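Everything on this sheet refers to the single structure shown next.
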Amino acid sequence: MNLSVDLGRTELLAHLTDEEIAFLESVAIESEFAEGEVLFEEDSEATRFYIVISGKVGLELVSPRRRPIVIQTLGRGELVGLSWFFPPHTWSWRARALDPTRTLGFDAAAVRAKCVEDHNLSEQVLRIVAKQAVNRLHATRTQLLDLYEFPR
Amino acid sequence: MTVVLSTIEATAEPMLPRPFEVVATRRETADTVTLDFAATDGEGLQFSPGQFTMIYAFGVGEVPISVAGGSADDNVLTHTVRAVGAVTDAICSAEAGTQFGIRGPYGIGWPMDAAEGGDVVVVAGGIGLAPLRPVILRLLDNRARYGAVSLLYGTRSPDDLLYEEELRQWRGRFDIEVEVTVDRAADGWYGDIGLVTNLLTRIEYDPENVTAMVCGPEIMMKVVAREMGRAGTDPSSVYVSMERNMKCAVGFCGHCQYGPDFICRDGPVFTYAAVRDRMRVSEL
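Chain order of the listed sequences is B and S. The numbering of the first sequence is this note's numbering, which starts it at 4 and goes up by one. The numbering of the second sequence is this note's numbering, which starts it at 366 and goes up by one.
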């Protein structure tokens with residue numbers, strides 16, 4: 004497995020050292036999900052987080068007596084799952100492949116354990132998670148403006 | 366750099382409408398219609414992508430509408446109009462054979478020539494796809510002149526998508542990357558959900574050799590330009606289409622004044638570098 008080759012130009016890995024990338028590669032597995040297959044369920048233990056290599060993943064809210072509501076879709080180079088980094092390490096949403104999807108799945112417990120002993124890696128992982136969270140916060144705020152409604 | 370004749374040079378009688386007749390209509394969404402017009406007094410209208418015309422509904426009033434396509438040779442002028450008031454209501458409810466007065470085209474359009482040789486990213490929001498449709502058609506007609514070409518399109522919901530059939534055709538081509546996203550969707554939507562800027566990270570383009578053409582709500586255009594700037598694209602390579610209350614369309618009346626510019630005469634297409642500071646001024 005080669006993270007840089009699989010993911011190409013992605014800012015997720017931009018600030019990681021070769022050693023840090025090698026560690027992440029050592030705890031990652033490449034997985035393929037068929038359309039409709041679930042990566043993880045809401046409220047389940049966050050054992051593995053993913054980066055999308057190709058395809059599309061939907062983050063869904065599942066509620067009784069209605070079909071799942073997709074709140075966001077994630078594609079190539081995007082991180083699927085943020086809650087694995089913070090206690091209680093449980094998922095807030097269900098993640099499901101909306102297309103045939105290839106991912107790299109990382110052992111969340113192994114990354115957390117390594118972060119405890121390697122503060123440089125911890126800082127970089129926190130930067131990655133925080134950046135994704137900030138991007139999603141900005142996008143959500145902008146979506147709340149209902150931009151496309153007239154008047155512009 | 367594209368050389369564009371000034372409005373007055375390009376149009377012999379800039380304030381005089383020509384008679385046009387609706388020859389076809391297509392409903393796009395609940396409140397938006399695409400109409401094909403034909404000149405009834407002679408040749409079709411020559412236009413550049415990004416220019417607009419003034420459409421006069423007799424006895425109702427006149428509105429500026431971006432050209433959404435057409436061909437002067439075939440005497441077809443296409444406009445996509447959203448019904449938001451008396452004049453646009455009259456246009457959207459017109460049937461084949463209805464007469465309108467049309468003058469123009471006006472304004473400075475998209476930098477089709479300047480974009481040659483590099484990648485092109487087209488970003489549209491809502492009805493902002495209409496002024497960009499001629500861009501996409503021109504890019505596809507002259508595909509070899511450009512590098513990687515991408516279209517990113519965001520709307521409120523799947524019901525608000527324009528040109529659905531064409532979007533499907535464009536997606537089916539191997540020489541343009543088309544990504545569509547909506548803010549929210551019910552069952553049956555298999556596309557993306559989220560902000561259009563999310564799609565920027567998924568497409569292949571060279572941030573230092575790209576021309577971006579962006580049209581939609583101003584906040585969306587600002588966010589797109591900012592995100593592309595963070596990726597390394599110069600703000601002078603990002604073009605946005607501005608909209609204000611245009612009346613005369615030839616830079617006389619001042620209704621569409623935007624800082625030192627008149628949108629109708631100096632735009633509607635500007636570089637983001639030119640308007641970035643103004644986009645932070647709420648009074649403008």
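Cβ coordinates follow ideal geometry from the N, Cα and C atoms, glycine included. Treat the numbers as computed from the prediction; the structure is a model and nothing was measured.
Residue i versus residue j - alpha carbon distance
i: S:R630; j: S:V500; result: 20 Å
i: B:L129; j: B:E23; result: 13 Å
i: S:A395; j: S:D524; result: 8 Å
i: B:L42; j: S:F465; result: 56 Å
i: B:R12; j: B:G80; result: Here B:R12 scores only 49 on pLDDT, less than 50, and its place in the model is too uncertain to base an answer on.
i: S:S413; j: S:A479; result: 14 Å
i: S:V543; j: S:N507; result: 17 Å
i: S:M644; j: S:A638; result: 10 Å
i: S:A389; j: S:A459; result: 10 Å
i: S:N563; j: S:L381; result: 44 Å
i: S:V369; j: S:R641; result: Confidence is the limiting factor: at S:V369 the pLDDT is only 48, short of 50, which leaves the residue's position unreliable and the question unanswerable from this model.
i: B:T20; j: B:Q127; result: 10 Å
i: S:G491; j: S:G616; result: 27 Å
i: S:A403; j: S:A509; result: 31 Å
i: S:V425; j: S:V452; result: 6 Å
i: S:T367; j: B:E45; result: With a pLDDT of 47 at S:T367, under the threshold of 50, the predicted position of this residue should be treated as unreliable, and no value is reported.
i: B:I54; j: S:D454; result: 48 Å
CB contact flag (residue i, residue j, <8 Å)
i: S:G650; j: S:L442; result: Outside the shown range of chain S (366 to 649) lies residue 650 of chain S, about which nothing can therefore be said.
i: S:T576; j: S:P496; result: no
i: S:P633; j: S:S606; result: yes
i: B:L77; j: B:V60; result: yes
i: S:T546; j: S:D557; result: yes
i: B:L85; j: B:Q135; result: yes
i: S:L400; j: S:I456; result: yes
i: B:F109; j: B:L16; result: no
i: S:F385; j: S:I467; result: yes
i: S:G519; j: S:V485; result: no
i: B:A49; j: B:W94; result: yes
i: B:F36; j: B:L82; result: no
i: S:R521; j: B:E152; result: yes
i: S:A437; j: S:H444; result: no
i: S:C618; j: S:R609; result: no
Proximity to residue i [Cα-Cα], best of the options
i: B:R115; options: B:G58, B:R99, B:P91 and B:L101; result: B:P91
i: S:Y570; options: S:T546, S:T453 and S:L516; result: S:L516
i: S:P429; options: S:Q534, S:E573 and S:I628; result: S:I628
i: B:P103; options: B:A31, B:G39 and B:A17; result: B:G39
i: B:L150; options: S:E530, S:W554, S:E529 and S:E583; result: S:E583
i: S:W554; options: B:R105, B:I74 and B:A49; result: B:I74
i: S:Y511; options: S:G482, S:L527 and S:V589; result: S:G482
i: S:G462; options: S:F417, S:G434, S:T405 and S:Y518; result: S:T405
i: B:F88; options: B:D46, B:L107 and B:S125; result: B:S125
i: S:L526; options: S:G537, S:D540 and S:R549; result: S:R549
i: S:C580; options: S:R533, S:S436, S:R498 and S:V398; result: S:R498
i: S:K587; options: S:Q622, S:C618, S:G619 and S:A489; result: S:A489
i: S:V487; options: S:V589, S:Q411 and S:V425; result: S:V589
i: S:M611; options: S:A513, S:G594, S:M419 and S:R521; result: S:M419
i: S:F539; options: S:Y528, S:E530 and S:A513; result: S:A513
i: B:G58; options: B:S47, B:E45, B:T106 and B:T20; result: B:T106
i: S:F417; options: S:G619, S:A614 and S:Y623; result: S:A614
i: B:Q146; options: S:F635, S:M585 and S:V646; result: S:M585
i: S:G594; options: S:R609, S:C618 and S:T636; result: S:T636
Exposure label - residue i; buried when at least 16 CB within 10 Å
i: B:T143; result: exposed
i: S:R383; result: buried
i: B:S29; result: exposed
i: S:V656; result: The structure shown has nothing for residue 656 of chain S, since chain S only spans 366 to 649.
i: S:F423; result: exposed
i: B:I32; result: exposed
i: B:H122; result: exposed
i: S:E393; result: buried
i: S:L504; result: buried
i: S:S431; result: buried
i: S:L649; result: exposed
i: B:H18; result: exposed
i: S:P470; result: buried
i: B:L101; result: buried
i: S:Q534; result: exposed
i: S:T372; result: The predicted model places S:T372 with a pLDDT of 48, which falls under 50 and marks its position as unreliable; any figure quoted below should be read in that light. With 16 or more Cβ atoms within 10 Å of its Cβ, S:T372 is classed as buried.
i: S:D626; result: buried
i: S:P379; result: buried
i: S:E530; result: exposed
i: S:A551; result: exposed
i: S:E573; result: exposed
Cβ-heavy atom distance, residue i to the ligand MN, below 7 Å
i: B:L77; result: The model on display carries no ligand, and the ligand MN is accordingly not part of it.
Exercise. What alpha helix (DSSP H) runs, 4 residues minimum, are completely inside the segment 511-569 of chain S?
Worked result: 529-536
Exercise. Which residue spans inside the segment 603-646 of chain S form an unbroken beta strand (DSSP E) run of at least 3?
Worked result: 603-606 and 634-636
Exercise. What are the uninterrupted segments assigned as beta strand (DSSP E) that are 3 or more residues long and contained completely in the segment 375-436 of chain S, given in chain order?
Worked result: 383-394, 397-404, 417-422 and 426-436
Problem set entry | 3 or more residues per run - each beta strand (DSSP E) lying fully within the segment 430-485 of chain S | 441-447 and 464-471
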